[in-house]
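Only one structure is covered here, and it is reproduced in the block below.
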Ligand SMILES: [Zn+2]
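Residue numbers (our numbering): 1177 to 1263.
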């Protein structure tokens, strides 16, 4: 069976960096590590639990989705207006 890996990019709440390493020895990749794994930002050394980082990032992800939706609605509106003007 093929190993399907989902890559979740998490961002450091302090510096915005996306490179993290584990403070513990891991037998799997950081993506598969449990939520209580202590991780550290490679850029600013900010450390927290993987779970906490995911939680922080959820807000960021939600905000991003809202932004994307807003942009999409704007574009659709513009497209509709263009079409209407052609008539
Ligand atoms: Zn950082």
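Using N, Cα and C, we set each Cβ at its ideal position, and we do this for glycine too.
- Taking all protein chains in view, the Cβ of residue 1191 is surrounded by fewer than 16 other Cβ atoms within 10 Å, so the residue is classified as exposed.
- In this structure, ligand 1 has a non-hydrogen atom nearer than 7 Å to the beta-carbon of residue 1219.
- When rounded, the separation of the alpha-carbon atoms in residue 1244 and residue 1237 is 10 Å.
- Counting the other Cβ atoms within 10 Å of the Cβ of residue 1186 gives 16 or more, which makes it buried.
- A direct Cα-to-Cα measurement between residue 1219 and residue 1195 gives close to 7 Å.
- In this structure residue 1193 is not in contact with residue 1224, their Cβ atoms being roughly 13 Å apart against a cut-off of 8 Å.
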